[in-house]
Amino acid sequence: MEKSQNGGEEPAPISLPKEVVKRVNALKNIQLKMVDIETKFYDELHRLECRYAAMFDPLYAQRELIVNGAYEPNEQEGRWALEEELASDLESKAVISEVPSAPECT
């Protein structure tokens, strides 16, 4: 062990084989590419969240008015559809199409 500048002992530097250094550097390069892809993913996710937030805003405002008593829902708005009605409505509106499956994650 070597003495450090502050008087403590530090382990001697280890000399790694050239192949190991090459592998470590290759892994570092791959990690940088992964970080770049992840950055793009979160950027796109943020844009998507912002787009949908704009669609939710009017609904949140409407809910706030109802909760605070500033708006009284009309008969149609105040009617709760039974679960069976909702299910049949969704079935009639749903379009099922063949979607290519994503590759399996391992």
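So for the sequence shown, my numbering puts the first residue at 18; every next one is plus one. The beta carbon of each residue, even a glycine, is placed where N, CA and C say it ideally should be.
Cα atoms of V52 and L44: separation of roughly 12 Å, rounded to the nearest angstrom. Annotation: P34 to P28 spans about 18 Å, alpha carbon to alpha carbon. E102 sits in a helix when the DSSP states are folded into three classes. In the displayed model, E27 falls within a strand according to three-state DSSP. Judged by beta-carbon spacing, I83 lies beyond the 8 Å limit of P75, meaning their Cβ atoms are not closer than that value. Shown here, N91 sits in coil according to DSSP, grouped into three states, outside any helix or strand. It is roughly 20 Å from the alpha-carbon of K50 to the alpha-carbon of V37.
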